[in-house]
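Protein sequence lines correspond, in order, to chains X and U. To convert, take the position in the first sequence, counting from 1, and add 72; that gives our numbering. To convert, take the position in the second sequence, counting from 1, and add 125; that gives our numbering. From the three backbone atoms N, C-alpha and C, an ideal C-beta is built for every residue, glycine too. A quick write-up on the structure given underneath.
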Amino acid sequence: MNSLLDSLRGIGARVIDSIWRMGVATRFFLMTLLQSGQSFRRFHLVIREIYSAGVLSLIIILVSGLFVGMVLGLQGYETLQTYGSEEALGVLVSLSLVRELGPVVAALLFASRAGSAITAEIGLMKATEQLAAMEMMAVDPVARVVAPRFWGAVISMPILAALFSAMGILGGYLVGVVLIGVDEGAFWSQMQAAVDFREDILNGVLKSVVFGVAVTAIALFEGYDAPPTAEGVSRATTRTVVTSSLAILGLDFILTAFMFRGV
Amino acid sequence: MQRATLDLWVGIFVVAGIAAILFLALRVGNMGSFDSASTYTVKAEFDNIGGLKARAPIKSAGVVVGRVAEIGFDSAMYEATVTMKLDTRYKFPKDSSASIMTSGLLGEQYVALEAGGEEKMLSEGDTLKITQGAVVLENLIGQFLYNKSEEAPKAAEPK
Numbered sequence: 073m074n075s076l077l078d079s080l081r082g083i084g085a086r087v088i089d090s091i092w093r094m095g096v097a098t099r100f101f102l103m104t105l106l107q108s109g110q111s112f113r114r115f116h117l118v119i120r121e122i123y124s125a126g127v128l129s130l131i132i133i134l135v136s137g138l139f140v141g142m143v144l145g146l147q148g149y150e151t152l153q154t155y156g157s158e159e160a161l162g163v164l165v166s167l168s169l170v171r172e173l174g175p176v177v178a179a180l181l182f183a184s185r186a187g188s189a190i191t192a193e194i195g196l197m198k199a200t201e202q203l204a205a206m207e208m209m210a211v212d213p214v215a216r217v218v219a220p221r222f223w224g225a226v227i228s229m230p231i232l233a234a235l236f237s238a239m240g241i242l243g244g245y246l247v248g249v250v251l252i253g254v255d256e257g258a259f260w261s262q263m264q265a266a267v268d269f270r271e272d273i274l275n276g277v278l279k280s281v282v283f284g285v286a287v288t289a290i291a292l293f294e295g296y297d298a299p300p301t302a303e304g305v306s307r308a309t310t311r312t313v314v315t316s317s318l319a320i321l322g323l324d325f326i327l328t329a330f331m332f333r334g335v
Numbered sequence: 126m127q128r129a130t131l132d133l134w135v136g137i138f139v140v141a142g143i144a145a146i147l148f149l150a151l152r153v154g155n156m157g158s159f160d161s162a163s164t165y166t167v168k169a170e171f172d173n174i175g176g177l178k179a180r181a182p183i184k185s186a187g188v189v190v191g192r193v194a195e196i197g198f199d200s201a202m203y204e205a206t207v208t209m210k211l212d213t214r215y216k217f218p219k220d221s222s223a224s225i226m227t228s229g230l231l232g233e234q235y236v237a238l239e240a241g242g243e244e245k246m247l248s249e250g251d252t253l254k255i256t257q258g259a260v261v262l263e264n265l266i267g268q269f270l271y272n273k274s275e276e277a278p279k280a281a282e283p284k
């Protein structure tokens, strides 16, 4: 009887803990938004974060985009060839990149490249008591450290996703048209006929903005909430990558269900 | 890092992002090709639209002159109602005819507009009178087989 009560108590404690944590995370997110005024008045703080989150992620995003597009071109050609419609290769490559792969893969890479860096940086700032020192000097660490990182990453994410898609389409073009020899005119014209600016491209950009907000909010909270030890920071970094990857894929399903149903 | 170099890199980054979105919009998407502001709406009823979809092109003499805006079902006539948006630059006579064609053997379907001879031009909200629905491959094959089987005995008869 006692062990049953104990195990029930254990479940209850875990549920209450996770809900409490979620509440703290939401409050932290709202605080970040409320304290954003300073990051726009002193915009060079945000520019510095765009550099470390966006510009430094460029290489991995561009190279992955190119290779994803090239693989799509090869595999798509193999499959389409059996139906004798190689010309549809442009449609296949561009729609899958613009609608899904661009925003999702770019966000996954962004979470592991920039999200983990944000968590580690803020976690270490906390462990070395830099955040506490700021509070002592009456500088709000949320306004000075957290909010600029949030906006820097949220601004970088759609740009990175658009670059990923553009590079991917160039990769598909390289393999499809230059290497294999699909007709160039048909490749581009069928693509232009099938891709709609509002339905496909803007929805893709919207997706990447949502992913950017989710990844950055998770990374910032995990860093701010990390236990101030070496082990705590390393665990928080791992959790950032895992949680934000799951959040990206889950959100992607929900957004796709709303955006592309019945089109 | 120096403030100026930082600004330069971020500037390059943002400009590259804008260029990528422009590339997607103009080269990959069809944004430049059609302006939705200057169109007029024309309706047509078809007995069968086959695989026609919204946003399919409307072509006259092979040139895209508009797009299908909406496809509905008329439950009084049991026919498909296709709402088409035509570019105002192109005028067609009132007795023009619309038919549903397929580009290539397995390509997508489109609406072909054939100009008539009347002097009055189509205007906003008009309905096309003469239409021809999509050719259903199964019906065509069925008809062909039926004709063949009627021919066969005659060919065998002569002696």
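Selected residue, minimal CA-CA separation from residue i, among the options
{"i": "Gln264(X)", "options": "Ala141(U), Asp212(U) and Pro182(U)", "result": "Pro182(U)"}
{"i": "Ile225(U)", "options": "Lys184(U), Gln268(U) and Arg152(U)", "result": "Lys184(U)"}
{"i": "Met142(X)", "options": "Asp297(X), Asp324(X) and Ile252(X)", "result": "Ile252(X)"}
{"i": "Gly276(X)", "options": "Val211(X), Arg307(X) and Met229(X)", "result": "Met229(X)"}
{"i": "Ala160(X)", "options": "Gly257(X), Val217(X), Gly240(X) and Ile88(X)", "result": "Gly257(X)"}
{"i": "Ile174(U)", "options": "Glu243(U), Leu262(U), Glu275(U) and Phe269(U)", "result": "Leu262(U)"}
{"i": "Val190(U)", "options": "Arg180(U), Phe198(U), Ile255(U) and Glu244(U)", "result": "Arg180(U)"}
{"i": "Ala201(U)", "options": "Tyr215(U), Asp172(U) and Gly187(U)", "result": "Asp172(U)"}
{"i": "Gly126(X)", "options": "Phe138(U), Asp199(U) and Tyr215(U)", "result": "Phe138(U)"}
{"i": "Tyr203(U)", "options": "Ser228(U), Lys216(U), Glu170(U) and Ser222(U)", "result": "Glu170(U)"}
{"i": "Arg162(X)", "options": "Arg171(X), Ser306(X), Ala329(X) and Gly145(X)", "result": "Per the sequence presented here, residue 162(X) reads as Gly, with Arg not at that position. If we check each option's Cα against that of Gly162(X), Gly145(X) comes out closest."}
{"i": "Ile290(X)", "options": "Val135(X), Phe115(X) and Ala192(X)", "result": "Ala192(X)"}
{"i": "Ser218(X)", "options": "Gly244(X), Gly243(X), Val247(X) and Gly187(X)", "result": "Correcting the residue identity first, residue 218(X) is Val in this sequence and not Ser. The shortest C-alpha separation from Val218(X) is found at Gly187(X)."}
{"i": "Ser222(U)", "options": "Thr252(U), Glu244(U), Val135(U) and Gly197(U)", "result": "Thr252(U)"}
{"i": "Ser248(U)", "options": "Val188(U), Lys216(U) and Ala277(U)", "result": "Lys216(U)"}
{"i": "Gln127(U)", "options": "Tyr123(X), Leu102(X), Ile88(X) and Glu303(X)", "result": "Tyr123(X)"}
{"i": "Ala286(X)", "options": "Phe101(X), Thr301(X), Ser75(X) and Ser79(X)", "result": "Phe101(X)"}
{"i": "Ala145(U)", "options": "Ser136(X), Leu242(X) and Arg333(X)", "result": "Leu242(X)"}
{"i": "Gln47(X)", "options": "Val211(X), Thr301(X), Leu274(X) and Leu138(X)", "result": "Since the first residue of chain X shown is 73 and the last is 335, residue 47(X) is not available in this structure."}
{"i": "Ile115(X)", "options": "Ala150(U), Asp132(U) and Lys273(U)", "result": "For the sequence presented, residue 115(X) should be read as Phe rather than Ile. Closest by alpha carbon: Asp132(U)."}
{"i": "Glu121(X)", "options": "Gln268(U), Thr227(U) and Val135(U)", "result": "Val135(U)"}
{"i": "Val236(U)", "options": "Gln268(U), Ile255(U), Glu244(U) and Val140(U)", "result": "Ile255(U)"}
Exposed unless 16 or more other CB atoms sit within 10 angstroms - verdict on residue i
{"i": "Ala215(X)", "result": "buried"}
{"i": "Leu235(X)", "result": "buried"}
{"i": "Tyr271(U)", "result": "exposed"}
{"i": "Ala239(X)", "result": "Correcting the residue identity first, residue 239(X) is Met in this sequence and not Ala. Buried is the call here."}
{"i": "Leu167(X)", "result": "buried"}
{"i": "Val213(X)", "result": "The identity of residue 213(X) in the sequence shown is Pro, whereas the question assumes Val. The residue in question, Pro213(X), is buried, as its Cβ has 16 or more Cβ neighbours within 10 Å."}
{"i": "Glu207(X)", "result": "exposed"}
{"i": "Ile326(X)", "result": "exposed"}
{"i": "Arg81(X)", "result": "exposed"}
{"i": "Gly84(X)", "result": "exposed"}
{"i": "Gly95(X)", "result": "exposed"}
{"i": "Ser129(X)", "result": "buried"}
{"i": "Ile91(X)", "result": "exposed"}
{"i": "Leu238(U)", "result": "buried"}
{"i": "Ala189(X)", "result": "buried"}
{"i": "Asp272(X)", "result": "buried"}
{"i": "Asn155(U)", "result": "buried"}
Cβ-heavy atom distance, residue i to the ligand FAD, below 6 angstroms
{"i": "Asp255(X)", "result": "Here there are no bound small molecules, and the ligand FAD is not part of this structure."}
Own chain partners of residue i with C-beta closer than 6 angstroms, once the 5 adjacent residues on each side are dropped
{"i": "Ile73(X)", "result": "Looking at the sequence provided, one finds Met at residue 73(X) rather than Ile. Result list for Met73(X): empty, nothing under 6 angstroms."}
{"i": "Gly287(U)", "result": "The first residue shown for chain U is 126 and the last is 284, placing residue 287(U) beyond what the model contains."}
{"i": "Ile194(X)", "result": "Gly295 and Tyr296"}
{"i": "Gly241(U)", "result": "Pro218, Asp220 and Ser221"}
Sequence-distant residues of the same chain with beta carbon closer than 8 angstroms to residue i, five excluded per side
{"i": "Ile119(X)", "result": "Gly224"}
{"i": "Ser280(X)", "result": "Gly174, Pro175, Ala178, Ala179, Met229, Pro230, Leu232, Ala233 and Ala234"}
Spatial neighbours of residue i in its chain, beta-carbon cut-off 7 angstroms, leaving aside the 5 residues before and after
{"i": "Ile132(X)", "result": "Leu181 and Arg185"}
{"i": "Phe283(X)", "result": "Pro175, Ala179, Met229, Ile320 and Leu323"}
{"i": "Gly250(U)", "result": "Thr166"}
{"i": "Ser317(X)", "result": "Leu180 and Ala183"}
{"i": "Val247(X)", "result": "Met142, Gly145 and Leu146"}
{"i": "Val335(X)", "result": "At Val335(X), the pLDDT of 48 sits below 50, so the modelled position is not reliable; the number obtained from the coordinates is stated separately. Around Val335(X): Glu271."}
{"i": "Arg311(X)", "result": "Glu294"}
Min CB distance residue i to chain C below 7 angstroms
{"i": "Leu262(U)", "result": "This model lacks chain C altogether; the protein chains it does include are X and U."}
Any contact of the region 210–224 of chain X with the region 101–111 of chain X, i.e. 3+ C-beta pairs under 8 angstroms? yes
Using 8 angstroms as the threshold, is the region 164–171 of chain U in touch with the region 203–221 of chain U, meaning 3 or more CB pairs across them? yes
Please name the residues in the region 250–275 of chain X whose beta-carbon is closer than 8 angstroms to at least one beta-carbon of chain U, in chain order. Trp260, Met263, Gln264, Ala265, Val267, Asp268, Phe269, Asp272 and Ile273
Per the contact definition of three or more C-beta pairs closer than 8 angstroms, is the region 314–329 of chain X in contact with the region 169–182 of chain X? yes
Given 8 angstroms as the limit, is there contact between the region 185–198 of chain X and the region 287–297 of chain X, that is, 3 or more CB pairs closer than that? yes
Quick test of the definition: if touching needs 3 or more C-beta pairs under 8 angstroms, does the region 133–151 of chain X touch the region 236–255 of chain X? yes
Closer than 8 angstroms between beta carbons: that is the criterion. Which residues of the region 117–136 of chain X meet it against chain U? Ile119, Arg120, Ile122, Tyr123, Gly126, Val127 and Leu130
Give the residues from the region 225–242 of chain X that approach chain U closer than 7 angstroms (Cβ to any Cβ), ordered along the chain. Ile231, Ala234, Leu235, Ser237, Ala238 and Ile241
Chain-ordered residues of the region 173–196 of chain U with a beta carbon less than 8 angstroms from chain X: Arg180 and Pro182
Residues of the region 169–186 of chain X with Cβ closer than 7 angstroms to any Cβ of chain U, in chain order: Val170
Which residues, in chain order, does the region 305–317 of chain X contribute to contact with chain U at a C-beta distance below 8 angstroms? none
Of the residues that make up the region 276–307 of chain X, which ones have a beta carbon closer than 9 angstroms to any beta carbon in chain U? Gly276 and Val277
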